[in-house]
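Worksheet for the structure shown next.
Residue numbers (my numbering): 551 to 641.
Right, here's the structure in full:
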């Protein structure tokens, strides 16, 4: 259970939700997959851009693990950004 009084817990939850996708339904999930597939060049470009922004999150790891973690974080951030855009275009 999240302790709303804990700044550390709230920060951890916020960072977690930046990289994890939460869908409202299975249909939304499938429609979003289609949306990403149809916007793949933009997706790949944005992941590359977000890798530069996310690199500071990963410290203490050795290569190639650090690069892999940065790419995973950037992918999650990008997909969440695109999910927000997708939802705005649908509603």
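Here a beta-carbon is modelled for each residue, glycine too, at the ideal position from N, C-alpha and C.
For clarity, every value in this text was computed on a predicted model and none was experimentally measured.
In angstroms with no decimal places, state the Cα-to-Cα distance between residue 560 and residue 589.
If I take the Cα positions, the gap works out to 33 angstroms.
Whole-angstrom distance between residue 594 and residue 620, CA atom to CA atom:
In this structure, the alpha-carbon of residue 620 lies about 14 angstroms from that of residue 594.
Got a sec, what are the start and stop residues for the alpha helix (DSSP H) residue 587 sits in?
That run of the alpha helix (DSSP H) goes 576–588.
By the 10 Å Cβ neighbour count, where 16 or more other Cβ atoms means buried, how is residue 627 classified, buried or exposed?
It counts as buried.
What separation, rounded to the nearest whole angstrom, lies between the Cα atoms of residue 633 and residue 582?
Residue 633 and residue 582 have their alpha carbons spaced roughly 7 angstroms apart.
Once DSSP output is grouped into helix, strand and coil, what is the label at residue 623?
When DSSP states are grouped into helix, strand and coil, residue 623 belongs to the helix group.
Where residue 623 falls, given that 16 or more other Cβ within 10 Å makes a residue buried
Residue 623 comes out buried.
Own chain, CB closer than 6 angstroms to residue 573, minus 5 neighbours either side, in chain order:
Cβ neighbours of residue 573 beyond the five flanking positions: 579.
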